[in-house]
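Structure, as structure tokens:
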Amino acid sequence: MIKTIGVLTSGGDAPGMNAAIRAVTRAAIAQGLQVKAIYRGYKGLIDGEVKSFTSQDVSGIIQRGGTILKSARCMEFMTPEGRKQAHKVIQKEKIDALVVIGGDGTFTGGRLFAQEYDIPVIGLPGTIDNDLWGTDATIGYDTSLGTITECIDKLRDTATSHERVFLVEVMGRDAGFLTLNAAIAGGCEAAIIPERAQVKEQIEEAIGSGKRKTKSSSIVLVQEHAVEGGAATVAKMIEKIHPEFSTRVTVLGHLQRGGSPSAYDRILASRMGVAAVQALLDGQRNVMVGIQNDDIVLIPLSKAIHQKKDVKEDSWQALLTLSI
Ligand code: F6P
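Residues 3 to 326 in our numbering are what the sequence shown lists, from first letter to last.
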């Protein structure tokens, strides 16, 4: 029987993680359960950084970016010794189940732990990258998309004034969701993403002798890992092929992870947090809470991690069509 739920955030922080912590805490308390907050992700679980949470501990955080529980990328938890130490803490703290909020690294660790120690683990997808299979959106993705779009709008002002080609490097780890969709939202000339990596062709289409030669300025988004060296490499390629163009590089970096979560992310995190507690009470284990067509779904962690989510082909075509 589950009496105490542990909750942690791990990996890269994402806007909306606080809303998720709040939802898990309050939903659990509403069901008569105890909540133990674990600080600094799996690192804190190994080190015993655990605190009992009341409803007041999560007051006034729904609008705050980052995570009040702090986060870490913990290699120690990827070792059997690290997980053994974490399990000692779980026993000492009498934690019966875990809700882990993070991305695929978080879920990979959680799944291994669940298998080795027979503890139910529920994952909430918290990452700006939107790269988890089985959910239409991850917590933080919408906010990050909004931030990137705002930056593009600002760059557009200076790009048109000077008639330059701007290369903007966007995060995403192995996925191009942020880059492609921000390119559509920002009216960009091209997006260079790992899923469609024909860099030279795209450059030519975007700013060369292709359809868009009428344009005197361009903004091209470059996913951070689509090309070795990122946006700077693409800028060099353009200047080599088209010395007539002057280029400028902007790396948006960790700006993309900050800021107050959008209403969408707050609502998503709140619904998912409540669903995670319900899933545990229903006897679910080792699943991720996802959203599909606005319905909450439960997806085995193994599928969420291992199946590849592709960008939508119609989105890709929309960018190509609309950037003439
Ligand atoms: O997974 C989120 C993310 O921001 C990725 O988009 C990026 O590649 C990575 O984390 C950066 O990690 P760090 O903050 O550890 O440098």
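Even glycine gets a Cβ: it sits at the ideal position worked out from N, Cα and C. None of these values were measured; they are calculated from a predicted model.
Secondary structure at A192: strand, using DSSP grouped into helix, strand and coil. Distance between G232 and S54, taken at the CA atoms: about 44 Å.
Taken from the Cβ of R42, every heavy atom of the ligand F6P lies 7 Å or farther away. For E226, the shortest C-beta to heavy atom distance toward the ligand F6P is below 7 Å. I326 counts as exposed, since fewer than 16 other C-beta atoms from the protein chains shown sit within 10 angstroms of its C-beta. For S146, there is no enclosing beta strand (DSSP E); the enclosing alpha helix (DSSP H) covers residues Y143 to H164. The Cβ neighbour count for G18, taken over all protein chains shown within 10 Å, is at least 16; the residue is labelled buried. Bridge pairing for V251: L169 [DSSP]. Distance from the C-beta of M173 to the nearest heavy atom of the ligand F6P is below 7 Å. S304: member of the alpha helix (DSSP H) spanning L303 to H308, first to last residue. In the three-state reduction of the DSSP assignment, S12 falls in the coil class.
Assignment of beta-bridge partners to F55 by DSSP yields V37.
Per DSSP, L134 lies in no beta strand (DSSP E) and is assigned neither H nor E. Straight across, the Cα-Cα distance linking H164 with S219 is about 8 Å.
Checking the 7 Å criterion, the Cβ of T145 is out of range of every heavy atom belonging to the ligand F6P. Using a Cβ-Cβ distance cut-off of 8 Å, the segment 12–32 and the segment 60–68 are in contact, since at least three pairs of beta carbons, one from each stretch, lie closer than that value. Linking G34 to L282 through their CA atoms gives a straight-line distance of about 13 Å. With 16 or more neighbouring CB atoms inside 10 Å of its own CB, N132 falls in the buried class. Leaving aside the five residues that flank A116 on each side, the residues in its chain whose CB is nearer than 6 Å to its CB run, in chain order, V123 and N288. Relative to the ligand F6P, the nearest heavy atom lies less than 7 Å away from the CB of T129. Short note on H89: C-beta not closer than 7 Å to any heavy atom of the ligand F6P.
By the criterion of at least three beta-carbon pairs nearer than 8 Å, the segment 104–112 is not in contact with the segment 144–156. For A208, the three-state secondary structure derived from DSSP is helix.
The closest heavy atom of the ligand F6P lies 7 Å or more from the beta carbon of G112. Each of E118, K314, V229 and V291 was checked against the Cα of I186, and the nearest Cα belongs to K314.
Sixteen is the threshold: since fewer than 16 other Cβ atoms of the shown chains lie within 10 Å of the Cβ of M77, the residue is exposed. Only buried fits Q204, as 16 or more other CB atoms lie within 10 angstroms of its CB. For V291, there is no enclosing alpha helix (DSSP H); the residue is part of the beta strand (DSSP E) that begins and ends at V289 to Q294. Classified as exposed, S57 has fewer than 16 neighbouring CB atoms from the shown chains inside 10 Å of its CB. An exposed status is given to T323, since fewer than 16 other beta-carbon atoms sit within 10 Å of its beta-carbon.
At a Cβ-Cβ threshold of 8 Å, G46 and I301 do not count as neighbours. Its chain contains G8 and V123 as the residues whose beta carbon lies nearer than 6 Å to that of L100, once the 5 sequence neighbours on both sides are disregarded; these appear in chain order.
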